[in-house]
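One structure is given here, and the rest of the page talks about it.
There are 6 protein chains.
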Amino acid sequence: MLTRSTIDRVVAAALDEDAPWGDLTGEALIPADARARAELVAREDGVFSGGEVFEAAFRLTDPAIRVELRRVDGAPFAAGDTLAVVEGPARAVLTAERIGLNFTQRMSGIATLTARYVSEIDGTQARIVDTRKTTPGLRAFERHAVVCGGGHNHRFSLSDAVMAKDNHLAVLESGGADLTVALREALGRLPHTTHVEVEVDRLDQIEPVLAAGIDTIMLDNFSLDDLRAGVAQVAGRAAVEASGGVSLDTVRAIAETGVDVISVGALTHSARALDLGLDIRIGD
Amino acid sequence: MLTRSTIDRVVAAALDEDAPWGDLTGEALIPADARARAELVAREDGVFSGGEVFEAAFRLTDPAIRVELRRVDGAPFAAGDTLAVVEGPARAVLTAERIGLNFTQRMSGIATLTARYVSEIDGTQARIVDTRKTTPGLRAFERHAVVCGGGHNHRFSLSDAVMAKDNHLAVLESGGADLTVALREALGRLPHTTHVEVEVDRLDQIEPVLAAGIDTIMLDNFSLDDLRAGVAQVAGRAAVEASGGVSLDTVRAIAETGVDVISVGALTHSARALDLGLDIRIGD
Amino acid sequence: MLTRSTIDRVVAAALDEDAPWGDLTGEALIPADARARAELVAREDGVFSGGEVFEAAFRLTDPAIRVELRRVDGAPFAAGDTLAVVEGPARAVLTAERIGLNFTQRMSGIATLTARYVSEIDGTQARIVDTRKTTPGLRAFERHAVVCGGGHNHRFSLSDAVMAKDNHLAVLESGGADLTVALREALGRLPHTTHVEVEVDRLDQIEPVLAAGIDTIMLDNFSLDDLRAGVAQVAGRAAVEASGGVSLDTVRAIAETGVDVISVGALTHSARALDLGLDIRIGD
Amino acid sequence: MLTRSTIDRVVAAALDEDAPWGDLTGEALIPADARARAELVAREDGVFSGGEVFEAAFRLTDPAIRVELRRVDGAPFAAGDTLAVVEGPARAVLTAERIGLNFTQRMSGIATLTARYVSEIDGTQARIVDTRKTTPGLRAFERHAVVCGGGHNHRFSLSDAVMAKDNHLAVLESGGADLTVALREALGRLPHTTHVEVEVDRLDQIEPVLAAGIDTIMLDNFSLDDLRAGVAQVAGRAAVEASGGVSLDTVRAIAETGVDVISVGALTHSARALDLGLDIRIGD
Amino acid sequence: MLTRSTIDRVVAAALDEDAPWGDLTGEALIPADARARAELVAREDGVFSGGEVFEAAFRLTDPAIRVELRRVDGAPFAAGDTLAVVEGPARAVLTAERIGLNFTQRMSGIATLTARYVSEIDGTQARIVDTRKTTPGLRAFERHAVVCGGGHNHRFSLSDAVMAKDNHLAVLESGGADLTVALREALGRLPHTTHVEVEVDRLDQIEPVLAAGIDTIMLDNFSLDDLRAGVAQVAGRAAVEASGGVSLDTVRAIAETGVDVISVGALTHSARALDLGLDIRIGD
Amino acid sequence: MLTRSTIDRVVAAALDEDAPWGDLTGEALIPADARARAELVAREDGVFSGGEVFEAAFRLTDPAIRVELRRVDGAPFAAGDTLAVVEGPARAVLTAERIGLNFTQRMSGIATLTARYVSEIDGTQARIVDTRKTTPGLRAFERHAVVCGGGHNHRFSLSDAVMAKDNHLAVLESGGADLTVALREALGRLPHTTHVEVEVDRLDQIEPVLAAGIDTIMLDNFSLDDLRAGVAQVAGRAAVEASGGVSLDTVRAIAETGVDVISVGALTHSARALDLGLDIRIGD
């Protein structure tokens, strides 16, 4: 999901941010010809994500560094596992270390948290999806991490799918217009490839919205009972997404109401970086 | 700490990421001449950070939007408080909403978490500082948020201060060289403005390192007893930084050992986005 | 559909391309304090597109230039009509002239050609849509022009909708797999917001493809009879797109077969620039 | 004429535009390890242009793709000819296909149209040249295509040659100044390497303009008789360019008037994309 | 000669380079609401250049700063003169100071050195021109400074004029080809707007080169006698440029040989920054 | 000190600046398949700097060019020495020549001038350092050159160390505040890694400034006697930097006063480009 040119552009900017005029420590303390061998080691269990990004951090610092990935993206690992091996000029390995870790720890953190949510709803028909609550500049990376964890992606941006919320519906209904009619008319202006999702706050909004011919209906902050009622009312005429109040404690119950999609902002906006370390040995 | 040109560059890229070819929903459902008034409302207590960034998200989407900030960066607020008021063309307000929130929620989350750490060590001589475990591309923003929360910054990058770790020391000592001599010689090659910090793992490393004339010594993963012993041994000849195993539960005890600086990677790598919402009313 | 930041970024690059170290002619021949008034005049009938882009070319060259648009994007005009009036420092007006024209002529050319296609199918249920055969770097601008001409957009990129073609289907069927089963399984991996369109070359492919639960079926290079048969066979279970062999001569007959969508690559890859001129008067 | 760094920068931006977060179709439907072999095949006769650009589209998507060009830029080909062969990972080949084609079709379209103009004036002393009516961002590419078609380039930008038009001359003459004197004085301020071309609308303007010592005189929208008269009057003291009303129908007669240069805006602003296709076979 | 967008792009990058994460000193020592008034004062005589660039350094740091220029570019000044007055928020004024000075000192240094060369040849027919020996990234700025000093520009780049040197001539003559014939043929491939200059090392090269119909002949490292002989030999058939061994001591004698153009690499590659200072008063 | 990504970014921009649409001369006069061998030869004695940058100019123009460096950065050389050998396609070698030279001549010029200053103070305890008076966009390159010449770097930017000057001190003392107290308080807000340097103009400022606990004190424009007095007064409590009035004539006397650091703006703002040439032989 991540193209090489995207990875290289973002990683190069991160390296610039972290070493705008070089690594003072390495230049002063490490001989120019010293070599290093480093292992990316898991300090806790998790799901791997960001292997290519990790590799790019070292390659873009010095093309002479070799990175061997021991896990593919999406693979689970246990504390103590070696996830990758890095070998090359010591100064460059030390220069790239932090950026390589910053990306991989964040991405693996998201993948691991996603995997916990996915595991919680195992056996239901629901899927766990992300939201647009991502880190500015890193959305493609974080969405990739969600997929590594077994989740699915929601729309990427404002440009690729419609998500009509309370404000939009209020505007459509202003002046006493019929919601269904107004919505259908508005949707007719969209590209035929645009998926249309509408968020509702109450059960009585479902029918007029569905009648406009939409693709997904989001039941926002519904109780479990209302979710069940909503699913029954939709009756397969659209996909049903549950949103709001989703946590590891509540997600299974939500999934068991029969919804198709559960969106979890916390996957990206509040995931903890996973504890991965780089064990470096400098020699020759 | 954030310059206007930096803010504008990063926020513009985030807006592009989120609306590469416009906001399909707004264009289809909201009249071009509709106007909106929106309030940024706190859903939980916290410390504000990112006001100028929030403003930039709206200004760069449409210069006709006005943003009035009700809190300055660093100010505390309570759930229910209105932190800013936005007014302008409805389509543009809706287009900028998510990006404005993504930045402010993240930055206020970091500021709020930092404030909790700072509050924990109130009355001690220690300061809470960040690390280089920041989000790629957003380091200046996240460091600013740490300051908003009452914390201090550590070095920004590999380029502006020396941090010698176990690997560096091992290299200096290889071949049986005297650590103090080798370190002092290496440091002589640095700019005179470079602050030199050295990380040690054991108490017996303190003396040879201090003898080289360094500025800060980091005691990495020391027990509380060893921290106390370390502080005593350093005896004011350098600043003392504690690192590793720092949490809200342990930070006060660490501070009470007498260290000067406590670095907390979690401030930036694992802060939770704060729950802020934008209450929008579309009218004319 | 075009955001101000996108417009400004692309127009600034075009200005740089056309005057990397200034306008030698204006600097040598026009006094620094001379002023100019210019009218954008249509030399032929057409549909306007690119007003904001035209304005940006002058504004980015010199903020002191004022541009008054006399037509909104999407408005028709006749030969001789004045579409915009420009006033400001003469050197800057002359510097920006060509770039302003290059954008507006191209966009209005696309809008005008699109309007001719749309007019040809008036009264049918079909819509005219663009393709990804756009000018590298200008896709958002050209898609906007298509909408100005009364057309609709197809997917923007490889990232926002699925378009499975003969190669993809061949892969799915390789090894004797059942196409419907294989396709359904593959689609299950997509985001729930992804619109799925499949291109078929023969009538007998329609049924297995539809059975997989897709959104749009593209009948590629079908005869009119086969298009009619295809529409009948689909029977509303998916949108039907006709593609291939579409020209102003054939488009109405195609539309009358009952298809929903007709994609026309020529709208963007072969549109002629519209003849618009800038009549400039330099005075004081 | 196109440097590798220019090609790579522009092609990478085009790939980003077309796959901002990957190719959903390929990722869902094509196995990661499938390979493809593709042939770039001409669907009509033409002149090739853009081989290196085509190659870059695939290389920048995946360095593992190999592209073998079967025609050099500027070579003619017939419908059915294979112009290039591509081989590599199937997903990447499919991802790069459209961008590779968009560039090559456009450039070969320009080269082919140029070649028709050049062929029309065969045996005369005139040359066919382009104008600044190019696609924003692609001028260097389109000018290269003109050369591939046997045409020549005009000035690249406002910065590299003078082109004084009616507005400039009017300013020089304002207040009753002598045109020759005013023009000569103005030109004295230019770099000595600047080629000076002046556009005139009437025969009586030729003499005062030539007297100022210019390099090329453009006869704008002159009748054939006036062109002949103009050429006679100039009598070799400057190059003569004809402009305006040039089409494939008129270009030979214009060339036969004895002008040196015929500029044709349509070469770049209205060329049709050439019909080239990529025949892909996915296997292993 | 410098467009606003070029100035802003280059100055913004310089500000980023000088304050990647803010001005630590100002933030720590100057109150946020303090204001400053500063005067740009000449510490030595010179010619001003870079007024708009100076203004941009302050405006891009904080739009609230006002800059009043007291000299236009190209104006001479004496030690002690006030060249500009700056007023605004003190922190921002201090942040922009160095960058504003770095540009203006360099550009005024070039303008002043140029003016000395121009003054030396006063009364001759020669002009002083720059070369491509400019600072990477600042060529347009440095060329503008040369013009401010009364000099003229040579070609800007490899793309806008031909300069054939010994290597090129050697290639043309290889295999015993006739230089005039080979050169004329090669030049026929160029755009008609391309100025052609050829560098020769010996008097006997002049005739065959001139015979090819070139615009300027450069006499490289010729003695004064040979320059005089060269000028006589060319006899007005092309412009004559002298190059090599040009200094303030030798330039008048060179000019008096009758050459038209004297190129001086030192104008840009070795000009000393002019001593300008910013006298700042912080108050309220 | 220069990372590969920084070098490549800056050199690519310089190449674009110098050949925005190719090298007209080479394309017209040199066969596409001609090859060249070139030697970078010193025309005067000096210290080498910019080897990797020189190499990048050729590699980025054409990856087929091979550059063999005969000197490492920092090595001295004599007039006539060959510093590097270049071999590859002739057109590309000629295209890259000027940019390769512009960088290397400038950097070697700075290194050579620095080496002269360093040599002048040989045997003293002082070090020669640069300032922020660098070329916009090239600071990292010019600082690297200073190190090549045996000098040291001062702070890189406003962001990595404090330098409090007269204006800052005046603000601290305004309203009658005690300077030591005010300064100490302000410095407490800085990161603990920030080096603090304060500039004083008079001997009586030393004591209150030192009392605040700073790292370096700069004695600005002090007489030699006052420098000696200042060094005595500081007595090792901080590093002492001399600034102002430093030239090759005065630097030794200044160094002999016992100061630790001597900053020389001229190293970067007024260094002369070193005379290096590229001797090219085109063959096959």
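Residue numbers (numbering that gives the first Met the number 0), protein chains in the order written: chain V, 0 to 283; chain Y, 0 to 283; chain B, 0 to 283; chain H, 0 to 283; chain Z, 0 to 283; chain A, 0 to 283.
Virtual Cβ for every residue (Gly too), placed ideally from N, Cα, C.
#1: So the candidates are Z:F47, Z:S158, Z:I216, Z:T111; which of them puts its Cα closest to the Cα of R131 (chain Z)?
#2: Using alpha carbons as the reference points, say which of B:H143, B:A265, B:E255 lies closest to T124 (chain B).
#3: Give me, in chain order, the residues of the same chain whose beta-carbon lies closer than 7 angstroms to that of G235 (chain B); leave out the 5 immediate sequence neighbours on both sides.
#4: I'd like to confirm something about V250 (chain Z): is its beta-carbon nearer than 8 angstroms to some heavy atom of the ligand FAD, or not?
#5: Name, please, each residue of chain A whose Cβ falls closer than 7 angstroms to the Cβ of E196 (chain Y).
#6: Taking the DSSP output, what are the residues bridged to E38 (chain Y)?
#7: Determine, using beta-carbon pairs with one atom in the stretch 87-103 of chain Z and one in the stretch 25-35 of chain Z, whether at least three such pairs fall under 8 angstroms.
#8: Relative to the C-alpha of E141 (chain H), which residue among H:A272, H:S4, H:L277, H:D278 is closest?
#9: What's the C-alpha gap between V195 (chain Z) and L100 (chain Z)?
#10: Taking Cβ positions only, does T142 (chain H) come closer than 9 angstroms to chain A?
#11: Near N152 (chain Y), what residues of its chain come up, given a Cβ to Cβ distance below 8 angstroms and the 5 sequence neighbours on each side ignored?
#12: Distance, Cα to Cα, A74 (chain Z) vs V46 (chain Z)?
#13: How is the alpha helix (DSSP H) around T5 (chain A) delimited, first residue to last?
#14: Short check: CB of L171 (chain V) to CB of A181 (chain V), under 9 angstroms?
#15: Quick one: what's got a C-beta closer than 6 angstroms to T215 (chain Y)'s C-beta in the same chain, skipping five residues either side?
#16: Beta-carbon separation of E67 (chain V) and I6 (chain V) under 9 angstroms?
#17: Are the beta-carbon atoms belonging to F102 (chain A) and A13 (chain A) less than 9 angstroms from one another?
#18: Applying a beta-carbon distance threshold of less than 7 angstroms, which residues of chain A neighbour L28 (chain Z)?
#19: Which same chain residues, not among the five before or five after R227 (chain H), have their C-beta less than 8 angstroms away from its C-beta?
#20: Looking at the C-beta of T60 (chain H), does it have a partner C-beta in chain V at a distance below 9 angstroms?
#21: Do T111 (chain V) and G150 (chain V) have their beta-carbon atoms positioned less than 9 angstroms apart in this structure?
#22: Kindly indicate if chain H contains any beta-carbon less than 9 angstroms away from that of G243 (chain B).
#23: Give the residues of chain Y in contact with A160 (chain A), contact being defined as C-beta atoms less than 7 angstroms apart.
#24: Within a Cβ cutoff of 7 angstroms, which residues of the same chain sit near T60 (chain H), ignoring the five residues on either side of it in sequence?
#25: Going straight from the alpha carbon of G136 (chain B) to that of G21 (chain Y), what length do you get?
#26: T215 (chain H) lies in the beta strand (DSSP E); which residues open and close that run?
#27: Closer than 9 angstroms by beta-carbon distance: list the chain Y residues that pair up with D15 (chain Z), in chain order.
#28: Listing by chain order, which chain V residues have their CB less than 8 angstroms from the CB of L178 (chain Y)?
#29: So, for V40 (chain Z): in the same chain, excluding its five sequence neighbours on each side, which residues have a beta-carbon less than 8 angstroms away from its beta-carbon?
#30: Are the CB atoms of V161 (chain Y) and L178 (chain Y) nearer to each other than 9 angstroms?
#31: Could you check what DSSP says for A228 (chain V) in three-state terms: helix, strand or coil?
#32: Here's the rule: buried if 16 or more other CB atoms are within 10 angstroms of the residue's CB, otherwise exposed. What is L28 (chain Z)?
#33: Measuring only the C-alpha atoms, how far is I98 (chain Y) from G49 (chain Y)?
#34: Using 9 angstroms as the threshold, is the C-beta distance between V260 (chain A) and R58 (chain A) below it?
#35: At what residues does the alpha helix (DSSP H) containing V117 (chain Z) begin and finish?
#36: For a test of the three-state rule: what should DSSP assign to F47 (chain B), helix, strand or coil?
Reading from the atomic positions:
#1: When only C-alpha atoms are compared, the closest one is Z:S158.
#2: According to the sequence as given, residue 124 (chain B) is Gln; it is not Thr. It is B:E255 whose Cα lies nearest to the Cα of Q124 (chain B).
#3: For G235 (chain B), where only same-chain residues beyond five positions count, there are no Cβ hits under 7 angstroms.
#4: This structure simply doesn't include the ligand FAD, nor any ligand for that matter.
#5: One finds T192 in chain A with Cβ atoms closer than 7 angstroms to the Cβ of E196 (chain Y), taken in chain order.
#6: Looking at the DSSP assignment, E38 (chain Y) forms a beta bridge with Y:V84, Y:D278.
#7: Taking a cut-off of 8 angstroms for Cβ pairs, the stretch 87-103 of chain Z and the stretch 25-35 of chain Z touch, as three or more such pairs fall below it.
#8: Measuring C-alpha to C-alpha distances from E141 (chain H) to each of H:A272, H:S4, H:L277, H:D278 identifies H:A272 as the nearest.
#9: In this model, V195 (chain Z) and L100 (chain Z) are separated by some 38 angstroms (Cα to Cα).
#10: Residue identity check: residue 142 (chain H) is Arg in the sequence provided, not Thr. R142 (chain H) counts as touching chain A.
#11: Non-local C-beta neighbours of N152 (chain Y) in its own chain, meaning closer than 8 angstroms and more than five positions away in sequence, comprise V128, D129, R142, V145, V146, ordered along the chain.
#12: Computed Cα separation, rounded: 6 angstroms.
#13: Unbroken alpha helix (DSSP H) run through T5 (chain A): 3-17.
#14: Less than 9 angstroms separates the beta-carbon of L171 (chain V) from that of A181 (chain V).
#15: E196, A237, A238, E240, listed in sequence order.
#16: Contact flag unset, no.
#17: Yes. Within cutoff.
#18: In chain order, A163, H167, V170, L171, A185 make up the part of chain A whose C-beta sits under 7 angstroms from the C-beta of L28 (chain Z).
#19: Cβ-Cβ distances below 8 angstroms link R227 (chain H) to T256, G257 in the same chain, with the five nearest sequence neighbours on each side left out; the list follows chain order.
#20: So yes, T60 (chain H) belongs to the interface.
#21: Contact: no.
#22: It does not; no Cβ of chain H falls within 9 angstroms.
#23: Close partners of A160 (chain A) in chain Y (Cβ separation under 7 angstroms): T192.
#24: L14, A91, T94, A95, listed in sequence order.
#25: Taking the straight line joining both Cα atoms gives about 16 angstroms.
#26: Its beta strand (DSSP E) spans residues 215-219.
#27: At a C-beta separation below 9 angstroms, D15 (chain Z) has these neighbours in chain Y: T2, S4, T5, R8.
#28: Chain V residues near L178 (chain Y): none, gap ~11 angstroms exceeds 8 angstroms.
#29: So the list reads G79, D80, T81, L82, L275, G276, L277, D278, once near-sequence residues are dropped.
#30: Taking 9 angstroms as the cut-off, the beta carbon of V161 (chain Y) is found no closer than this to the beta carbon of L178 (chain Y).
#31: The DSSP-derived three-state label of A228 (chain V) is helix.
#32: Residue burial is scored here from C-beta neighbours: L28 (chain Z) has at least 16 other C-beta atoms within 10 angstroms and is therefore classed as buried.
#33: Approximately 12 angstroms, taken between the alpha carbons.
#34: No.
#35: Per DSSP, V117 (chain Z) is one residue of the alpha helix (DSSP H) stretching across 89-119.
#36: In the structure shown, F47 (chain B) adopts coil according to DSSP, grouped into three states.
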